[in-house]
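S.K.: Residue numbers (our numbering): 331 to 538.
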Amino acid sequence: VRACWDAYRKGRGRYDGEFYAIRQPVFSPGSDDPWPTIPLYVAGVNPVMTAVAGEVADGFAAHMFCTPTYLDRILRPALARGAARANRSAPPVLMPLVVGRDRASLALQMTTYTVPAYRRVLDESGLGAEADAILAAIADRRRTEAAGIIEEHCLDQLGVAVLDDLPGRMRLWTAHADLIGLTVPWYGLDRDAQVALFRDVLRAVERM
Numbered sequence: 331v332r333a334c335w336d337a338y339r340k341g342r343g344r345y346d347g348e349f350y351a352i353r354q355p356v357f358s359p360g361s362d363d364p365w366p367t368i369p370l371y372v373a374g375v376n377p378v379m380t381a382v383a384g385e386v387a388d389g390f391a392a393h394m395f396c397t398p399t400y401l402d403r404i405l406r407p408a409l410a411r412g413a414a415r416a417n418r419s420a421p422p423v424l425m426p427l428v429v430g431r432d433r434a435s436l437a438l439q440m441t442t443y444t445v446p447a448y449r450r451v452l453d454e455s456g457l458g459a460e461a462d463a464i465l466a467a468i469a470d471r472r473r474t475e476a477a478g479i480i481e482e483h484c485l486d487q488l489g490v491a492v493l494d495d496l497p498g499r500m501r502l503w504t505a506h507a508d509l510i511g512l513t514v515p516w517y518g519l520d521r522d523a524q525v526a527l528f529r530d531v532l533r534a535v536e537r538m
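1) Give the DSSP-derived three-state secondary structure of I352 in the structure shown.
2) Which residues mark the beginning and the end of the beta strand (DSSP E) in which A539 is found?
3) Note down, in chain order, each residue of its chain lying with its Cβ closer than 7 Å to the Cβ of V331, except the 5 sequence neighbours on either side.
4) Can you check whether the CB of V490 is closer than 8 Å to the CB of M440?
5) Let me check understanding here. Comparing Cα to Cα, which of W335, T474, L436, L496 lies closest to R533?
6) Specify, as a first and last residue, the run of the alpha helix (DSSP H) that P377 falls within.
7) Whose CA, out of T367, N376, R344, lies closest to the CA of V451?
8) To the nearest angstrom, how far is the alpha carbon of V386 from that of A459?
9) Report buried or exposed for I404, applying the criterion of at least 16 other Cβ atoms within 10 angstroms of its Cβ.
10) Is the separation between the beta-carbon of L436 and that of V423 shorter than 8 Å?
11) Can you list, in chain order, the residues of its chain with a C-beta nearer than 6 Å to that of M394? Leave out the 5 residues immediately preceding and following it.
12) Hey, would you say G456 sits closer than 8 Å to G412, going by beta carbons?
13) Measure the C-alpha to C-alpha separation of A467 and A447 and round it to an integer number of angstroms.
14) How close, in whole Å, do the beta carbons of H506 and L409 come, if the pair is a contact with beta carbons under 8 Å?
15) Between G430 and the rest of its own chain, which residues show a CB-CB distance below 6 Å, the 5 nearest in sequence each way excluded?
16) Could you check whether E481 and R433 sit closer than 8 Å to each other, using their CB atoms as the reference points?
17) Identify, in the order they occur along the chain, each residue of the same chain with its Cβ nearer than 8 Å to the Cβ of L493, setting aside the five sequence neighbours on each side.
18) For M538, which of helix, strand or coil comes out of DSSP?
Structure representation (structure tokens):
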């Protein structure tokens, strides 16, 4: 990625390969681009991708479907292993929190991440039985039931925050991550509702 940026900042990017070619400066910020060097973060859920981030990235972006236990016991060691391969220090960890108006909307958002590839997060956090029940409900298209299981048994451990408790949730996660990012649910909310919620989140942050 940095090679691509440099190519267009210092001249014209050009590539001739087996499947495609780039011969025109479709995007060129110019050699006098005032922007600083942008850090490149690699996101991951499982240890292999996390190790790649540790080896080559400026930072690691965890997933909101993550628990403190999983981050500390599984992902941070993987990040350190990758960094050791490159003989460098582990990069910072960014933890995103989904901020919602209530627990039900957050649980519903979390159902969108209940796929087999992510179940290890729950298994490693002592929630294997809950993972079985959630995945079975999703497979049978019983999303409301899956959301109920998440809300009752899993939600407090995941990367979420009810708006009224945002400071407390940020304090919890800053004990495990170096940086905190904030977003809002996309499942079940239209654009206007998302924008309104984002504004309320910004106001909440300003009050901290």
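Beta carbons: idealized from backbone N, C-alpha and C, even for Gly.
M.R.: Let's see:
1) strand
2) Shown here, the chain extends from 331 to 538; a query on residue 539 therefore has no answer.
3) L370
4) yes
5) Taking R533 as reference, the option from W335, T474, L436, L496 with the minimal CA-CA separation is L496.
6) Element bounds for P377: 377-386.
7) N376
8) 36 Å
9) buried
10) no
11) P426, V428, G489
12) no
13) In a straight line, the C-alpha of A467 is about 16 Å away from that of A447.
14) Between L409 and H506 the Cβ distance is about 12 Å, and since that is not below 8 Å, they are no contact.
15) Here G430 has L436, P515 as same chain residues with Cβ atoms under 6 Å from its own Cβ, once five neighbours each way along the sequence are excluded.
16) yes
17) Hits under 8 Å: V429, G430, R431, L527, D530, V531, A534.
18) coil
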